[in-house]
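Participant: Here my numbering is used: position 31 in the sequence shown is 31, and no number is missing along the way.
Note that the Cβ used here is the ideal one computed from N, Cα and C, for glycine as well.
Would you mind keeping the following structure in view while I ask a few things?
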Amino acid sequence: MSVVQVSAEELHAKLEKCIAGERLLIEHEGNRFSARIQHVGLFGVKVIPETEIKNSHRTPGDVEGITVPYKEILELEVKGVVYSLLPE
């Protein structure tokens, strides 16, 4: 797996092209966690934290996602490449 550092604008552009299922690293409300994309929107991304997916024993579609703003996304993983946000 390779890691490519990108600017916030480049990361945002890559997110706009994503479909459901790609992995993200997020820092939300002081917590850092990995999640899967559920839906990419205009002002943020609706995600399902991987811990909720792992612990779900319900039927598919029952896990509610949370919406996080683009500025809280630190990494995006697509096809074995991790796009990591450049430090400011």
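Locate the alpha helix (DSSP H) running through A13, then write down its first and last residues.
Facilitator: 8-16
Participant: Thinking A35 and L42 are a contact (beta carbons under 8 Å), I'd like their distance in whole angstroms, please.
Facilitator: That pair is no contact at about 19 Å.
Participant: Under the rule that 16 or more other beta-carbon atoms within 10 Å means buried, what is I26, buried or exposed?
Facilitator: Within a 10 Å sphere around the beta-carbon of I26 sit 16 or more other beta-carbons, which makes this residue buried.
Participant: With distances taken Cα to Cα, identify the nearest neighbour of G21 among I73, H39, E64.
Facilitator: H39
Participant: Would you please state the rounded distance, in angstroms, between the beta carbons of K14 and V78? I believe it to be under 8 Å.
Facilitator: 7 Å
Participant: When you compare only the Cα positions, how much space is there between V4 and S84?
Facilitator: 6 Å
Participant: Report the partner residues of L76 according to the DSSP bridge assignment.
Facilitator: L24, Y83
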